[in-house]
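Undergrad: Sharing a structure with you now.
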Amino acid sequence: MGQIARMANSISRRGFVKIAIAGVGAAYLAGNASKAWASEEKLPNQVKFAVMSDLHYFSPSLWSDCADYTTAENSDRKMFKESAAILDAALANIVAAKPDIVFVPGDLTKDSEEICHEEAHAKIVAAREQLRAAGVDAKFFVINGNHDVNNSNGLDFSSGAAVQAQLADPARFREIWADCGYGEDSILYAPDSTSAGSLSYVARPAEGLTLIAVDSCKYSADQTDSGIDEHETSGIIGQDLLNWITTKASEARANGDVVIVMQHHGVVPHFDDEPTLLGEYLVDNYEAVAPAYADAGVSIVLTGHMHANDISAYTSAAGNTLHDVETDSLATYPSYIRTGTLSWSKADDAINAEFAVDVAALGAVNYGDYADRITGAADIADITVYGKERTLTQSVVDTIAKDFVAGYMTQILQAGGIKQTVAGLLGVSADELGAQAFGMVSGMLPTTFETGMQVALSSFNFSIWFDADAGRVKIDQYTETADEAIVFATPLAIDMASELEAEAASAYSPEASTYSMESGNISFYIDAASLTAFLDSTCSNIDTAILANPASAMPAVGALVDAIVNYAVDDQGNTVLGLVDYAYQTHLMGNEACEAWAEDAIAKVAGGEGNAEGLLIEVLRAAGNTAQADLTALLETVPLDVTLLVMKGNSHFMTTLAYNVLKSMLKDGGDLVGLIADENSLGNLIPDVPALSGFAYSALYTLSHDSNEENDHAFVRSIHAKKAQPDNGGNGSGGSDGTDGEDSGSENNGDGSASDGSGSGSNGNPSTSSNTNGTNGNGGPSASDAQQSSAKSSAKNMPKTGDETAAVMLGVAAVAGAGAVAAGTALHKMGKDI
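In this text, residue positions in the sequence shown follow the numbering used here: the first is 242, and each later residue adds one.
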């Protein structure tokens, strides 16, 4: 490093940079030196481009009209049967637009089926030939998405039942798509590897433009959460790959190129709640990746994955701006592509580039030859209108909810059962669960009989309190019913009281006992040992009766889904499902503009005046009441042994009688429901949870309101490329022409959200320092740790990625609508399947 510094002091900046580039081993630049636009007299030609993302191509040869396919189709909201015809329409639009470059940021196939890769590739090759015949030598560049490699969900339905299809691994992916980024003109990150990030590459598709295609997907055991070679929805960019990307970006910027990254997963949140609600759409380490990209000179990141037309901006602590330009999916609403241009201009002593992009609707989609192969296929007049009707339907939500619940039940059982799962949520071991639960319950109770929580079971009244000296929760009879007592007056409670009174009357005699109905002789207690024994027994019974038999839960799940999605959110006929679908589609379309009815309904979710507890709680209570019979039937399969939980506190015969009645009338979970709730009133017991209502409100609001770049369609950004004339003076370490190599600013239709391009000077920009790995010298990304920790979005601080398990549970309870348990499950499951 010292030698390089000394060389820098003895030669001109231009000469130093040329030597440094060679010394870094820039095989990319060395191999493309003839293409470098060193001349200040001629600007690069305008580049026309198109972006189509998330094709999810499904070969018609894999289809048949069978039950397995119907289940698969209803487990998703992608238009699989239509995908081949949609791709044809998209390519026809692209051929008509005559772009120089076509970018495809991942999810090329339904689920990595080899034949789907081959057929999608063949269609792209045919489109490329059509463009050549029209005089346009278009280049197509692809990168893999989470569905494209090692995906065991790839199935062949053609035989009338689902069987495993031949799948593509990383090597096969690279082989099939060799002429779409993996050819001799590209620099491959790991050409002989099949591990994480191995499908990344760098290309120079046009003068003045460097493309870095980044494999952000998890499909290999070295970085999957499962530890096996199987696809996962989430993504990550490992440190070695990130160092490689920032090095290549810095080298390209030093050469005066505009740098565009293409990858499947996002690096800047596209709605405020994305990190906590659907964090799997961002790379796990997006908070480190975004500043590293921005400070290495990456101007634009082309992404997909979320199936939305959205553009978001991030500005690093060093003042460098990065735009994440997301394109929606061909296979879901609104089925748009993007078209745009990259143009250069000279002003004074600067050469600038302008990145301009818009959306383009496909319009009509015709099946052509596929109509003979797919039953019921009919040409589509407008694919956007068609897809809008097929985003979130009740059948899709119902299937997804049941599939999610069944899968989650199996996952819990495989992880050790319900006891292990609950213990994990509480942060204790399974052996500690009983003591932990006892501590939580006892800590909430009063500590004297007189101040205890008062409960009335028909004519019998009890005080529930914690006796700290004895270490017991006591349930002692008292003689008067307090006004604030919790009264159980359900049919089962009345029956239990009547049974006890009858038993007492038949057993009582002055000779046998001095018992008096007013003497308060009934006494029970629960301690840590008894609660532990009861939990062990009940959890084991739940595992056996329900978790090991997911089908048993489906009637209750179906009843809940039906009650939730059809609940009216206003008097205009709009439902919970309609509200969720609307908010979701609003984000997918981009340029969010929320309609008045949806604004009103979303406001109700938060609660407040006129709807104090919020629409979420209202919906959940109504659904619980409607589904009570099905829930009761499910819980009747779970035996309860209350004698393990409740101990006799004295030897009075009334305590023994009450104990026997309790044991005989509370035999299973269904009896417990019958004790605490009248018919169709179980949902009324759901308490108000403001945090849950707030979560649901925030999810719906942020999906339907854009707080970052408001213009997601016709978007323009100015990018500083280089100085127009050579500059042989100075000692900065930025661009090869003596500039800092960073953007002069960004603008969205002239809104002036400019970056000042800070970071130049004697020390140089961290991302373009002479460190050969493009890092800060200690293995971290190119930006300093302080810069990364303080990096902020141009709109707001970038939030943390939320815990995945919490997102699942909260999504089930809240994100779906006005609290839509099932629709929220659907949205999260869609996240799993996007």
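For glycine and all other residues, C-beta sits at the position ideal for the given N, C-alpha and C.
Output needed for Y577: all residues of its chain with C-beta closer than 8 Å, excluding positions within five of it in sequence on either side, in chain order.
TA: On the sequence shown, position 336 is the one that residue 577 refers to. Within the same chain, Y577 has close Cβ partners N550, T568, D569, V600, A601, A602, L603 and T625.
Undergrad: Starting from N782, trace the alpha helix (DSSP H) both ways and give me its first and last residue.
TA: Here the question's residue 782 lines up with position 541 in the sequence shown. Element bounds for N782: A769 to I783.
Undergrad: To the nearest angstrom, how far is it from the Cα of V646 to the Cα of S316?
TA: Locating residue 646 in the sequence shown gives position 405, counting from the first residue. Locating residue 316 in the sequence shown gives position 75, counting from the first residue. If I take the Cα positions, the gap works out to 12 Å.
Undergrad: Where does I727 land, buried or exposed, given buried means 16+ other C-beta within 10 angstroms?
TA: What you label residue 727 is simply residue 486 of the sequence shown in a count that begins at 1. Result: exposed.
Undergrad: On a CA-only basis, which of Y719, T816, S793 and P687 is nearest A709? Give me that one, please.
TA: Here residue 709 is taken as the residue at index 468 of the sequence shown, counted from 1. Looking at the Cα atoms, P687 is the closest of the given residues.
Undergrad: Beta-carbon within less than 6 Å of E742's beta-carbon, same chain only, minus the 5 sequence neighbours each way: which residues are those?
TA: Sequence index remark: in the sequence shown, residue 742 carries index 501 (1-based). Correct list: empty, nothing qualifies.
Undergrad: From S467, T884 and G935, pick the residue whose C-alpha is nearest to that of E854; which is it?
TA: If you number the sequence shown from 1, residue 854 lands on position 613. Considering only alpha carbons, the answer is G935.
Undergrad: So L408 and E473 are supposed to be a Cβ contact under 8 Å. How far apart are they, rounded?
TA: Working through the sequence shown from its first residue, we reach residue 408 at position 167. Working through the sequence shown from its first residue, we reach residue 473 at position 232. The Cβ separation is near 15 Å, so there is no contact.
Undergrad: With a threshold of 7 Å on Cβ separation, who are the neighbours of E314 within its own chain once the five nearest residues in sequence on each side are excluded?
TA: Looking up residue 314 in the sequence shown gives position 73. Contacts found: F321.
Undergrad: Indicate whether A490 and I453 have their beta-carbon atoms separated by less than 8 Å.
TA: Here residue 490 refers to the residue found at position 249 of the sequence shown. Here residue 453 refers to the residue found at position 212 of the sequence shown. Taking 8 Å as the Cβ cut-off, A490 and I453 qualify as a contacting pair.
Undergrad: Quick one: does A899 have its CB under 8 Å from some CB of chain C?
TA: No chain C is part of this structure, which consists of one protein chain only.
Undergrad: Is V499 near V455, with beta carbons less than 8 Å apart?
TA: On the sequence shown, residue 499 is found 258 positions in, with the first residue counted as 1. On the sequence shown, residue 455 is found 214 positions in, with the first residue counted as 1. No, the Cβ-Cβ distance between V499 and V455 is not below 8 Å.
Undergrad: May I ask you to list the residues that DSSP assigns as paired with C458?
TA: The sequence position of residue 458 within the sequence shown is 217, counting from 1. In DSSP, C458 forms a bridge with G476.
Undergrad: How far does the alpha helix (DSSP H) with W838 in it extend, from its first residue to its last?
TA: Translated into the one-based positions of the sequence shown, residue 838 becomes position 597. Start and end: A837 to A847.
Undergrad: Alpha carbon to alpha carbon, how far is Q655 from D620?
TA: Indexing the sequence shown from 1 puts residue 655 at position 414. Indexing the sequence shown from 1 puts residue 620 at position 379. Taking the straight line joining both Cα atoms gives about 46 Å.
Undergrad: To the nearest angstrom, how far is the alpha carbon of S636 from that of D329?
TA: Here residue 636 refers to the residue found at position 395 of the sequence shown. Here residue 329 refers to the residue found at position 88 of the sequence shown. One C-alpha to the other measures close to 28 Å.
Undergrad: If you reduce the DSSP assignment to three classes, tell me which class R614 lands in.
TA: For the purposes of this step, residue 614 is identified with residue 373 of the sequence shown, where counting begins at 1. Coil at R614, not helix or strand.
Undergrad: My output table needs one value for G924: the three-state DSSP class, helix, strand or coil.
TA: Walking along the sequence shown from the start, residue 924 turns up at place 683. Of the three classes helix, strand and coil, the one that applies to G924 here is helix, per DSSP.
Undergrad: Please report the Cβ distance between G911 and L876, rounded to the nearest whole angstrom; I am assuming they are in contact, meaning their Cβ atoms lie under 8 Å.
TA: Residue numbering aside, residue 911 sits at position 670 when the sequence shown is read from its first letter. Residue numbering aside, residue 876 sits at position 635 when the sequence shown is read from its first letter. With 8 Å as the limit, G911 and L876 qualify as a contact, their Cβ atoms being about 5 Å apart.
Undergrad: If you check the beta carbons only, do P340 and Q504 fall under 8 Å apart?
TA: As a working mapping, residue 340 is identified with position 99 in the sequence shown. As a working mapping, residue 504 is identified with position 263 in the sequence shown. Not in contact: P340 and Q504 (Cβ atoms no closer than 8 Å).
Undergrad: Going by DSSP, which residues form a beta bridge with S584?
TA: For the purposes of this step, residue 584 is taken as residue 343 along the sequence shown, with counting starting at 1. Note: S584 sits in a beta bridge opposite E595.
Undergrad: Smallest Cα separation from M694: which of D717, A711 and T662?
TA: As a working mapping, residue 694 is identified with position 453 in the sequence shown. Comparing Cα-Cα distances from M694 to each of D717, A711 and T662, the minimum goes to D717.
Undergrad: Would DSSP call T517 helix, strand or coil?
TA: As a working mapping, residue 517 is identified with position 276 in the sequence shown. T517 falls in the helix class under three-state DSSP.
Undergrad: Have a look at T827, G915 and L933 and flag the residue whose alpha-carbon is nearest the alpha-carbon of V860.
TA: Translated into positions along the sequence shown, residue 860 becomes position 619. Closest option to V860, Cα to Cα, is L933.
Undergrad: Once the 5 residues before and after A794 are set aside, which same chain residues still bring their CB inside 8 Å of it?
TA: Position 553 of the sequence shown, counting from 1, holds the residue named residue 794. Around A794: V646, A647, M650, I787 and L875.
Undergrad: Assign R713 to one of two classes, buried (16 or more other C-beta atoms within 10 Å of its C-beta) or exposed (fewer than that).
TA: The residue you call residue 713 lines up with position 472 of the sequence shown. Classification of R713: buried, given that the 10 Å Cβ count is 16 or more.
Undergrad: Restricting to Cα atoms, I'd like to know which of R445, N921 and L674 is closest to A870.
TA: Sequence index remark: in the sequence shown, residue 870 carries index 629 (1-based). A870 has its Cα closest to that of N921, out of R445, N921 and L674.
Undergrad: Since A331 is in the alpha helix (DSSP H), which residue starts that stretch and which ends it?
TA: The residue given as residue 331 occupies position 90 in the sequence shown. Its alpha helix (DSSP H) spans residues S324 to A338.
Undergrad: Mind checking who I469 pairs with in its DSSP beta bridge?
TA: Position 228 of the sequence shown, counted from the first residue, corresponds to residue 469. According to DSSP, I469 bridges with nothing at all.
Undergrad: So the beta strand (DSSP E) D717 belongs to, where does it begin and stop?
TA: Counting from 1 along the sequence shown, the entry for residue 717 is found at position 476. R713 to Y719 is the span of the beta strand (DSSP E), which, as asked, contains D717.
Undergrad: Which word fits P575, buried or exposed, when buried means at least 16 other C-beta atoms lie within 10 angstroms of its C-beta?
TA: Translated into the one-based positions of the sequence shown, residue 575 becomes position 334. Buried, since its Cβ has 16 or more Cβ neighbours within 10 Å.
Undergrad: Is the separation between the beta-carbon of S305 and that of G395 shorter than 8 Å?
TA: In the sequence shown, residue 305 corresponds to position 64, counting from 1. In the sequence shown, residue 395 corresponds to position 154, counting from 1. Not a contact, by the Cβ cut-off of 8 Å.
Undergrad: Distance, Cα to Cα, G970 vs S553?
TA: Taking the sequence shown and counting its residues from 1, the one referred to as residue 970 is at position 729. Taking the sequence shown and counting its residues from 1, the one referred to as residue 553 is at position 312. Confidence at G970 is low in this model, with a pLDDT of 37, below 50, so its placement is unreliable and no value can be given for it.
Undergrad: Let me check understanding here. Comparing Cα to Cα, which of P411, Y627, A374 and A368 lies closest to N387?
TA: Taking the first residue of the sequence shown as position 1, residue 387 is located at position 146. Taking only the C-alpha atoms, the option nearest N387 is P411.
Undergrad: Would you mind stating whether F596 and I659 have Cβ atoms separated by less than 8 Å?
TA: On the sequence shown, residue 596 is found 355 positions in, with the first residue counted as 1. On the sequence shown, residue 659 is found 418 positions in, with the first residue counted as 1. No, Cβ-Cβ distance for F596 and I659 is not below 8 Å.
Undergrad: Tell me, which residues are paired with I805 by DSSP?
TA: Working through the sequence shown from its first residue, we reach residue 805 at position 564. Bridge partners of I805: none, in fact.
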